[in-house]
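Asks: Everything in the sequence shown is counted per the UniProt record's numbering, starting at 1 for the first residue and increasing by one. Think of the CB as a built atom: it goes at the ideal place given N, C-alpha and C, for glycine as much as any other residue. In this text the structure is predicted, and so the values were computed from the model without any measurement.
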Amino acid sequence: VKSVVTDLDELVSQITRDHKIQKKVEEPLSINIFTTNVDAGKSTTGVNGEFVFSQILIDCLLRLKSTEIDKNELINLCENEYVGNYTELNNLREFQQSYSPNEVLWWYTKETFFYKTLNAALRTQNIHLIFLFRAYIYDIYHQLQKYQSKKFVRVYRCQLMSNDEINSLKQNIDQFISINSFFSTTDDRSTALFLLGDLTTQIDSERVLFEIEADPKVVTTKPFANISKHSDFPDESEVLFMIGSIFRLNSIDHNDDQIWIIKMTLCDDDEHDLKQVLMYMKQQIENEEINLRTLGKLLWKMGKLDLAEKYFNRLLQELPSNDPLLSNLYEDLGELASQTGDYDMSVQWHQKSLAIKNKNQLTVNPTIKKTNNSIVLVNYINNNTKWKQHGITIAGGNGSGNQLNQLYCPFGIYIDHRHQTIYIADWGNHRIVEWKYAAKTGQVVAGGNEIGKRSDQLHRPTDVIVDKRNDSLIICDGGNRRVVRWSRQNDKNGETIISDIDCSSLAMDNNGDLYVSDHVKNEVRRWKQEEREGTIVAGGNGQGKHLNQLQYPIYIFVDEDHSVYVSDHHNHRVMKWMKGAKEGIIVAGGQGGGNSLKQLSSPCGVIVDHLGNVYVADSDNHRIMRWCEGSCEGSIVVGGNGEGEKPNQFSNPVGLSFDVQGNLYVADWKVVEIEHDGETLANSWFLDDITIEMPTKGRAFCFACHEWLSKEKGDGETKRILKVQDSNQSSFRPYKQHAGTTQHGWIIIEGNKKRSEKFYMKNEPHIKILRGGQTDTFTFECRSLGELRRIILGHKERPEYPLKTYEGRGAMWHVAHVIVTDPSIGVKFEFPVRKWMDINNDGDVFECAEKKEDTIAQQRHRHTIKYKIIVHTGDVSYCGTDANVSIILYGTLGGTGIRKLKQKGKLTRLHIEHDNSTISPDWFLDKVEVINIDINETISFSCNRWLASSFNQPKFRPTVTWNANGITFANQSIVGQYPSTIFVSTNNTIYATNPEKNTIVMWQEESVNPTKIISSDFKQPLSLFVTSNGGIYIDDGHENGRVQRWNAATSTFVTVMNVISSCTSLFVDIHDTLYCSMYYQHQVLKTSLNDTMMNSNVVTAAGIGIQGSASNQLDGPFGIFVDVNLDLYVADCYNDRVQLFQSGELHGVTVAGSTSLNPTITLRCPTGIILDADKYLFIVDFLNSRIVGSDLHGFRCLVGCYGQESQSNQLANPVSFSFDSYGNMFVSDQRNSRIQKFLLMKDSFDLSFNQPK
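1) Apply the 10 Å Cβ neighbour rule to E712 and answer buried if 16 or more other Cβ atoms are within range, or exposed otherwise.
2) Check each candidate in I173, D509, V608 and S181 and name the one with the smallest Cα separation from N119.
3) Can you tell me which of the three DSSP states F95 falls into?
4) If I measure Cβ to Cβ from F1025 and keep anything under 7 Å in the same chain, skipping five residues before and after, which residues do I get?
5) Can you find at least 3 beta carbon pairs, one from the segment 496-506 and one from the segment 539-550, that sit closer than 8 Å?
6) For a quick check, are the C-beta atoms of residue 1255 and I179 less than 7 Å apart?
7) I believe R248 touches T221 by the beta-carbon criterion, under 8 Å. Please report the beta-carbon distance rounded to the nearest angstrom.
8) Among L64, L209, R1164 and Q1107, whose alpha-carbon lies nearest the alpha-carbon of K468?
9) Let me make sure I understand the geometry here. Which of L295, E236, E211 and Y86 has the alpha-carbon closest to that of S54?
10) Is the beta carbon of R771 sitting closer than 7 Å to the one on G740?
11) Quick check on this structure: which residue in R134, K110 and I243 has the alpha carbon closest to the alpha carbon of S231?
12) How do the segment 204-216 and the segment 100-117 stand: do at least 3 beta-carbon pairs fall below 8 Å, yes or no?
13) DSSP three-state call for S985: helix, strand or coil?
14) Just to confirm, are S1051 and D1035 a CB contact at a threshold of 7 Å?
15) Rank S657, P653, V587 and Q1204 by C-alpha distance to the C-alpha of E633 and give the top, closest one.
16) Would you call the segment 312-326 and the segment 82-90 in contact, with 3 or more CB pairs under 8 Å?
17) Output yes or no for whether 7 Å exceeds the beta carbon distance between H1082 and L1114.
18) When you compare only the Cα positions, how much space is there between C476 and I424?
19) Mark D332 as exposed unless 16 or more other C-beta atoms lie within 10 angstroms of its C-beta, in which case mark it buried.
20) Nearest to N1158 by CA position, among Q457, Y156 and E94, is which residue?
21) List the residues that DSSP assigns as beta-bridge partners of V1008.
22) Give me the residue from D198, K754, N72 and M1225 with the minimum Cα distance to S784.
23) For S1216, does the count of other Cβ atoms within 10 angstroms reach 16, so buried, or fall short, so exposed?
24) Is any heavy atom of the ligand FMN found at a distance shorter than 6 Å from the C-beta of I475?
25) Mapping the DSSP letters down to three states, classify R488 as helix, strand or coil.
26) DSSP three-state call for E533: helix, strand or coil?
27) If you count every other CB in all the chains shown that lies within 10 Å of the CB of A355, and 16 or more means buried, which is it?
28) Quick one, which of D215, R157 and P216 has its alpha-carbon nearest F194's?
29) Once you ignore the five residues that flank I127 on each side, which residues in its own chain have a CB closer than 8 Å to its CB?
30) Within the same chain, show all residues whose beta-carbon is closer than 7 Å to that of D188, passing over the 5 residues directly before and after it, in chain order.
31) My assumption, with CB atoms under 8 Å, is that residue 1340 sits in contact with S517. Please give the rounded CB distance.
32) Who are the Cβ neighbours of residue 1259 in its own chain at under 6 Å, not counting the five residues just before and after it?
33) Is it the case that the Cβ atoms of F1118 and A1131 are separated by a distance below 7 Å?
34) Is the segment 1204-1219 in contact with the segment 1164-1179, if contact means three or more CB pairs nearer than 8 Å?
35) How would you call I1060, buried or exposed, if buried means at least 16 neighbouring beta carbons within 10 angstroms?
36) Are the Cβ atoms of I767 and D776 separated by less than 7 Å?
Here it is as structure tokens:
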């Protein structure tokens, strides 16, 4: 008896599942054998030939792009097959309407036409049907890659086979077999045996059980995965192997139950016996771009001449009449016809081929040298080659916009000569567009779903290339700081392959290695397959103009010798870095920015021909230049006739490429189109100008308007087409985190009467100003300057914090604008800047653009009121503070800020804080009294609470490190077995729990042995939290269903929250709200500690109480952290991620883990989390047994980076951690039953910065 089922639906489902599996058992396997046996008088050529060509065929079909024609033919075929079968026709209709590549495994495992037809085609080797299914076969392949098993598996497959089949396999022990279909297995041996049926029943076939061992480490081309979660039968533990998977046949034995046991091992492509034949197999198609001609020639070699002719003719119908491939295709058809004996037709085909060759002699076998991102035409281009001066618009040209016949600031371009296609990085529309030869419109092939960070979105893409080996696009997604791969097999989502990179341009060499330019790090890196970090091949020595430096590198080109050419944008030159070179060679420009033939001005696109001639898009000179190898000056190829829209003019050309015939393609952009719909009452809009900041050019471009967009005003037009007015306004980098500075700024203000002294805006250890995305306010005092006219703005190095050579980005500070308010006259003066400020220069002058009345300043000027402020410190132990206290009064007319206290209207509220500096910053404030001396009015603001943080929230340097070898602070004899929590307060008192003895253990600062042990009736506490007043909140949910608080004054415990299970983490925020992370309920709850009625306001903070991975769900939440903005961070253990729930939101955003928007780390069950003072994340990575931390460049391992054991530099399943005020890290090393202390290394720590309470 397999099971007892009482539910009818479940019974039907199980019968359906068993019926499907039984069909698999009975269906014959299609197997090819490769053998190295050479018996006398026996040839193995046929056997091996089928093996080899089946492998080639699958690889070819996977790389052959599918078309809508193919898919429609498949649908029509299935409709004809299932005429009258309304169930399958409904399935077919659903498939047409809702199919998604991400659901292909569900469709494959569902008992519908899809599974039946595909499996029948594979089993019978119906090549044309397999051809029509190839897009879906690719989708399955992609999903198996995505969910590839990560560990060794032993799986089973039951099968009914004939004696002849078994004997054939027995003769090939130790040889190799490949399965010609998807190979379905299970990891449950008993299930497989059960499906063989009653062993006592006689049947005509032999019962066979395959036992297969598969190690994912050997997988190179044919993946396998457990697809249960994605199957229509999720209860089936199904492991699916890719078509063409190769196995070594180890043994065949007949056991006592009369079952043949066939043992096999999944093979590596590079195993000795297979290496040569598989290398030969790959060489057949590896260096070609796959098309129908490739498939036809392969079938021709396999002896399938009818099919070869079919696909040659199919391609013939798809190609345009001027395609250079036609001549070769006619020749192929002629040769094929002669082989089939149709000599008359053979002659006709050859005549057509000859006619094309005679029409254009230049197309006879042109010599083409290719890297994967370039075409260099040896026969077409020489040093005397000239191009027509009037260009033809082949894409866009219909104004800027987002329609399919429009582009909006196109950048990188790539020519696919085989398909007569150009790919364009349509920067302003956040998409990649495919434009066929002579087409009127393009087709969106990536992005185009508005601006964003999702996998189906792009943000200002700057370059695109084609990876022909993987039939995919590789895209520089500049605004999202990532490089993504996008399959050309109608994939709707991209896959991030490089993250946290300020990419501008891409290239690929003939080995398939990827090159990426980084305009912020001023370097070019090469990434080999599966490489994580990449290797610097150009630059990487900071920003500069030396030969080993670059300054804003953007476009790149890689030649066949793997030399890298870089358009060094801000140095106005093109550099060549030979393979392995430590510095580059100037091959174009390098004489400063200018328009002479020896100069370039902001070079962009670059390409190199076979003679070493360099072609450059000389952007700001609006021309394309050619620099012959060794020449001191260049020549103008096209353009150079000023900026404009005429056919012989450009407007800031950027992208550059050649096609197979030597035609030159240039991406440039001229205009911006803007309009509004004229609806609503306030529909008149006077537009001054538009500034577009462009990352790949490092510049800002201004489009002047100075007109109304209105139906009632001006000329009544609501649409304007604007031309570039000024492309030299300023340099620009788009990312806020790179815009700030850690150095000093300074300003001089000049009026019509006099100039001020130099005022400094100083960055200090305790004061963070001038950071990316911030608006900073400063107060300067000086005598009247009159009406303000201009400012001089500068950037100065801090003597105590000098810049290092590699800190190129820190040497620049981008300022958007400056507003200077003169409170004496109630006027504010605006100074547009939009410029990067170099370090240690003489400053830059900026004129006043506008002055406006400032109401608040005028109110301040009218009347000054004197206030007397009385601050009452509480009467409790250690309640005073020696920190610096600041206060702001708020009235109906605004706040006082740091100015002298003046009339603010009726006082409504008060802001008071201290800077948490000095050794004893904690302060218990009773109340503040503000007395208006003029009218003798007193307003009292009650506080009656601590202004303090209970835990340390340090500020670390970016290069912070800890001693890799930890010190055992407490062992099992003190904290018991499997300690789970550790907490260090701001006075460096350390708290831990002993879950075995049900105690809280405390150490005062510098104590080696516990100074206090607290006992109560709590059971197996998993977490605790200590507040600034000494209250200890402890988990007691396992048996007693509560959270308790220990009162230090009375030495007693009280219940503050009722729960239904343990709290894996506790946290009390700045408003005295208690949070409990409930692992088993998959949610975080919170309650106010200020409520008199306990549990009256217990509400959900995160999670809906249902296990899952959606944005509003959690799966086993552990550590939690709440910042001063009341944003909640949750270590979502079994979703392997950290979620951020902004204040009041129940939908979270993944900020760490492989599913985050910019994944830089893979977590395995995170259990603890802390934010430092700069909001960088520190995470306990439980199953990886390490602590990781983030910085500007992503995540890195901090401690526990040497494996999972008990050595001093190792951890074993750490659960929580905490910092002391010196930055030392304490970790509860659970499986080692100890608390480890890791000392902060010298020069890693700026200051201890506690989160204010």
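Replies: So, to answer that:
1) When all chains shown are included, E712 counts as exposed.
2) Nearest C-alpha to N119 among I173, D509, V608 and S181: S181.
3) Of the three classes helix, strand and coil, the one that applies to F95 here is helix, per DSSP.
4) Excluding positions up to five away in sequence, the list reads F983, Y1033, L1066, F1067 and V1068.
5) No contact exists between the segment 496-506 and the segment 539-550.
6) The structure shown does not extend to residue 1255, since the chain is modelled only from 1 through 1253, so no value can be given for it.
7) Incorrect: roughly 16 Å between the Cβ atoms, too far for contact.
8) For K468, the closest of L64, L209, R1164 and Q1107 by C-alpha to C-alpha distance is L64.
9) S54 has its Cα closest to that of L295, out of L295, E236, E211 and Y86.
10) Cβ atoms of R771 and G740: closer than 7 Å.
11) Ranking R134, K110 and I243 by Cα distance to S231 puts K110 first.
12) Between the segment 204-216 and the segment 100-117 there are fewer than three C-beta pairs closer than 8 Å, too few to call the two in contact.
13) If DSSP states are grouped into helix, strand and coil, S985 belongs with the strands.
14) Not a contact, by the Cβ cut-off of 7 Å.
15) That would be V587, whose Cα lies nearest to the Cα of E633.
16) By the Cβ criterion, the segment 312-326 is not in contact with the segment 82-90, since fewer than three pairs of Cβ atoms, one from each stretch, lie closer than 8 Å.
17) Contact: yes.
18) In a straight line, the C-alpha of C476 is about 12 Å away from that of I424.
19) With 16 or more other Cβ atoms within 10 Å, it is buried.
20) Comparing Cα positions, the closest option is Q457.
21) Listed as beta-bridge partners of V1008 by DSSP are no residues whatsoever.
22) Among D198, K754, N72 and M1225, the Cα nearest to that of S784 is on K754.
23) Buried, since its Cβ has 16 or more Cβ neighbours within 10 Å.
24) As for the ligand FMN, it is missing from this structure, which has no ligand bound.
25) DSSP places R488 in coil when its eight states are reduced to three.
26) E533 carries a coil assignment under DSSP once its states are collapsed to helix, strand and coil.
27) By the 10 Å Cβ count, A355 comes out exposed.
28) Sorting D215, R157 and P216 by C-alpha distance to the C-alpha of F194 places R157 at the top.
29) Scanning its chain for C-beta atoms nearer than 8 Å, with the 5 sequence neighbours on each side dropped, one finds around I127 the residues L57, L299, K304 and L307, in chain order.
30) Closer than 7 Å at the Cβ level, and outside the excluded window around D188, lie S237.
31) Nothing can be reported for residue 1340: it is not among the residues displayed for the chain, which extend from 1 to 1253.
32) Shown here, the chain extends from 1 to 1253; a query on residue 1259 therefore has no answer.
33) For F1118 and A1131, yes; Cβs fall inside 7 Å.
34) Yes, the segment 1204-1219 is in contact with the segment 1164-1179.
35) By the C-beta density criterion, I1060 is exposed, having fewer than 16 other C-beta atoms within 10 angstroms.
36) Between I767 and D776, the C-beta gap is not smaller than 7 Å, which leaves the two residues out of contact.
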